[in-house]
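Chemist: This structure is in structure tokens; I'll ask about it shortly.
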Amino acid sequence: MSKENNYVTATYTVDIEVAKPSNVVFNHIVELSKWWVEEFVGEELKLNSAFILKVGDTHFSKNKVIEFVPDKKFVWVTTQSKRSSDNFDWTGTKMIFELSPKNNGTLITFTYDGVIFENEQGRLKEICDYCIKDLLYKHLESFTSTIELAKSPQEIFSCLIDVTNWWSLDFEGNSKELNDEFTIHHPDQHYSKQKLVEVIPNKKIVWLVTESTLYWLRINKHEWTNTKMIFELIAEGEKTILHFTHEGLTPKMECYAMCENGWTMIIKSWLIHFITNGTPSPEITKAAEIRNKILAHQTK
1 MSKENNYVTA TYTVDIEVAK PSNVVFNHIV ELSKWWVEEF VGEELKLNSA
51 FILKVGDTHF SKNKVIEFVP DKKFVWVTTQ SKRSSDNFDW TGTKMIFELS
101 PKNNGTLITF TYDGVIFENE QGRLKEICDY CIKDLLYKHL ESFTSTIELA
151 KSPQEIFSCL IDVTNWWSLD FEGNSKELND EFTIHHPDQH YSKQKLVEVI
201 PNKKIVWLVT ESTLYWLRIN KHEWTNTKMI FELIAEGEKT ILHFTHEGLT
251 PKMECYAMCE NGWTMIIKSW LIHFITNGTP SPEITKAAEI RNKILAHQTK
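Each residue of the sequence shown is one higher than the one before, starting from 1 at the first, in the numbering used here.
Encoded structure:
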């Protein structure tokens, strides 16, 4: 196949609006390792940074940041590339992110400006929409909660994997090692099954929700399914920062308000109590009563 006969130039633009200021949005966008569809290999991004994006050994590109205007614009160009399945080469293609204020938030406009195979225009739209409307949106809008404690990462990590002592007494299974699975089941209210898909001792834990039923939802009772709970630990002197993200739990979801209240209580009260005192919070024994009150308030 010759490049002239099979390639066409293509420009595709997609935008989303988020309820966050442009400086926060910009900082999230340049964290490509946390949301971009391909594996990111490189250092913190700035003007002229070089980095690699890849999918296993079959999809590879070298890239360079050519515009880096904080809070406004971020552009990279592909300097070398290959998709081994069909030798597709998109060298010279630019990925452009532009930010502008809108409705007390930020409008993100993403543009793919480069080449594609002439029969892949539909695929280009699907991939760009997925990256921006799904992956980036979730990265920006998913529920987060951050706490700082005068404990070591090792101490906090050991508490995190002891789930029954800070999340729920209605726990069954294992939650300590990679591929462990456990369930949380509050009869007639909540059921979820979590699988440990990433475990980096003293640094990071990721749970994937493989099954869920939130009985009180009206539209989709399985909103948690395929979301992730991410715990990241960062040592800061004699303290440790714990950053929690429920990836996929966004304000568009019916369950968001209820889950926002629930996670805030669990992370900032029950988990802190367990890490600080070494014993479960007395509130855990009253969890059913607390859930009933929150549910009653949310469903009025």
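Backbone N, C-alpha and C define an ideal beta-carbon position, used for all residues, glycine too.
Note that the structure is predicted; figures quoted are calculated from it, not measured.
Nearest to Thr210 by CA position, among Lys73, Ser100, Lys193, Ile200, is which residue?
Modeler: It is Lys193 whose Cα lies nearest to the Cα of Thr210.
Chemist: Quick check on the burial criterion: 16 or more other C-beta atoms within 10 angstroms. Buried or exposed for Lys286?
Modeler: The residue is exposed, with fewer than 16 neighbouring Cβ atoms inside 10 Å.
Chemist: Can you check whether the CB of Val199 is closer than 8 Å to the CB of Leu233?
Modeler: Not closer than 8 Å, so no.
Chemist: Flag this pair as yes or no: are the beta carbons of Gly248 and Lys228 separated by less than 8 Å?
Modeler: Yes. Within cutoff.
Chemist: On the DSSP letters alone, give me the boundaries of the beta strand (DSSP E) that Ala50 sits inside.
Modeler: Taken as a continuous stretch (DSSP letters only), the beta strand (DSSP E) holding Ala50 covers 50 to 55.
Chemist: Going by the CB atoms, is the gap between Phe274 and Ile207 shorter than 8 Å?
Modeler: It should be noted that the sequence gives Trp, not Ile, for residue 207. Result no, Cβ atoms of Trp207 and Phe274 do not sit closer than 8 Å.
Chemist: In chain order, what residues of the same chain lie with their CB nearer than 6 Å to the CB of Met1, ignoring the 5 residues before and after it?
Modeler: Caution is warranted here: a pLDDT of 38 is assigned to Met1, below 50, making its placement in the model unreliable, and the coordinate value is therefore given only provisionally. Around Met1: no qualifying Cβ.
Chemist: Among Lys62, Ile266, Glu126, which has the Cα closest to the Cα of Gly92?
Modeler: Gly92 has its Cα closest to that of Lys62, out of Lys62, Ile266, Glu126.
Chemist: Less than 6 Å between C-beta atoms, sequence neighbours within five positions excluded: which residues of the same chain meet that for Ser33?
Modeler: Here the set comprises Phe40.
Chemist: With respect to the beta strand (DSSP E) encompassing Trp263, which residues constitute its N-terminal and C-terminal limits?
Modeler: Careful: Trp263 lies outside any beta strand (DSSP E), inside the alpha helix (DSSP H) at 256 to 265.
Chemist: Of the residues Val69, Asp180, Ile184, which one's Cα is nearest the Cα of Glu172?
Modeler: Ranking the options by Cα distance to Glu172, first place goes to Ile184.
Chemist: Under the three-state reduction of DSSP, which class applies to Val163: helix, strand or coil?
Modeler: In this structure, Val163 counts as helix in the three-state DSSP scheme.
Chemist: Could you have a look at Glu320 and say whether DSSP puts it in helix, strand or coil?
Modeler: There is no way to answer for residue 320, as the model of the chain reaches only from 1 to 300.
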